[in-house]
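Encoded as structure tokens, the structure appears first; notes follow it.
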Amino acid sequence: MIALHLLLHSARMQPVLDYLRAHGARFEEELCEYLRMPSVSAQSHHAKDMRATADWLVKHCRAIGLKVKKHITDFHPIVTARTPRMKSGEKRPHFMVYGHYDVQPPEPLHE
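Taking the working numbering, the leading residue of the sequence shown gets 501, the next gets one more, and so forth.
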């Protein structure tokens with residue numbers, strides 16, 4: 501906990517924190533827009549919603565500068581995104597983030 505406090509209050513973090521404060525409302529709006537999408541993969545009547553959510557992710561990732569691919573499958577699309585390579589050719593450390601964009605259906609509500 502102390503390390504997190506020191507990290508958040510270091511001079512190197514200040515530009516990041518300033519950016520988050522300046523753009524936080526937009527980030528919240530985008531997150532809420534994304535969360536409203538009924539991307540229920542287990543229900544066939546949501547297939548169109550799954551495609552729309554994949555398209556939203558592609559558009560959003562491109563808007564923030566990522567290189568994006570939508571992979572068409574026999575089931576639902578898969579979206580992959582990556583940061584562009586450095587123009588200088590410099591190799592830098594990188595990491596992978598995995599997530600999914602489908603959700604569970606709300607029913608049955610009694611369970």
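In this text, a Cβ means the ideal position worked out from N, Cα and C, and glycines have one as well. None of these values were measured; they are calculated from a predicted model.
Given A542 as reference, the closest of E590, P593, H576 and R585 once Cα atoms are compared: The option with the nearest alpha carbon to A542 is H576.
Local Cβ density within 10 Å of R554, reported as buried at 16 or more and exposed below that: For the record, residue 554 in the displayed sequence is Ala; it is not Arg. Looking at its Cβ environment, which holds 16 or more other Cβ atoms inside 10 Å, A554 is buried.
Buried versus exposed call for H523 [16 or more other C-beta atoms within 10 Å across all chains shown]: Per the 10 Å Cβ criterion, exposed.
For L557, the nearest candidate out of S510, P608, E530 and H546 (CA to CA): Per the Cα distances, E530.
Same chain only: Cβ atoms within 7 Å of M586, ignoring 5 sequence neighbours per side: The answer, listed in chain order, is R592.
Contact check, V568 vs A547, beta carbons under 7 Å: The Cβ-Cβ distance between V568 and A547 does not fall below 7 Å.
Burial state of S588 (16 or more Cβ within 10 Å): Residue environment analysis places S588 among the exposed positions, since fewer than 16 neighbouring C-beta atoms fall within 10 angstroms of its C-beta.
Residue from H594, T573 and E607 with nearest C-alpha to M550: Out of H594, T573 and E607, T573 has the C-alpha closest to the C-alpha of M550.
Boundaries (first-last residue) of the alpha helix (DSSP H) holding V603: First-last for V603: undefined, no H or E at that position.
Selected residue, minimal CA-CA separation from F595, among P606, P605 and T583: Here the closest residue by C-alpha is T583.
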